[in-house]
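Asker: Residue numbers for the sequence shown follow the numbering used here, so the first one is -1 and each next one is one higher.
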Amino acid sequence: MRLLKIIFVFFLIYFIRRFMQMYKNMQRIQEAQLKAHEDLLRRQRTAEQTQAGNVVNADFKVVD
């Protein structure tokens, strides 16, 4: 019975660690998507300014 409890605790720790890894990976993916979206918006803005003949090399942050 004691061995069963030890095995159960190890499985519990294993699954909690796997869940935390999945959660961290999801956060990394979301951060990468947000950065890609910000880069796309920055490129679009630069292209619009170039077309208007008003090229400004100002870095801006996107606030949702």
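Glycine included, every Cβ here is placed at the ideal spot set by N, Cα and C. Computed from a predicted structure; not experimentally measured.
Taking just the CA atoms, how far does glutamate 29 sit from threonine 44?
Answerer: Against the sequence shown, residue 44 aligns to sequence position 46. Against the sequence shown, residue 29 aligns to sequence position 31. Distance between the alpha carbons of threonine 44 and glutamate 29: 22 Å.
Asker: In the DSSP assignment, find the alpha helix (DSSP H) that holds methionine 20 and state where it starts and stops.
Answerer: Your numbering for residue 20 matches position 22 in the sequence shown. From DSSP, the alpha helix (DSSP H) with methionine 20 extends over 0 to 49.
Asker: Could you check the C-alpha separation between phenylalanine 8 and glutamate 46 for me, to the nearest Å?
Answerer: Your numbering for residue 8 matches position 10 in the sequence shown. Your numbering for residue 46 matches position 48 in the sequence shown. When rounded, the distance between both Cα atoms is 57 Å.
Asker: Alpha carbon to alpha carbon, what distance is there between arginine 26 and alanine 34?
Answerer: One-based indexing of the sequence shown puts residue 34 at position 36. One-based indexing of the sequence shown puts residue 26 at position 28. Straight-line measurement puts the Cα of arginine 26 at about 12 Å from the Cα of alanine 34.
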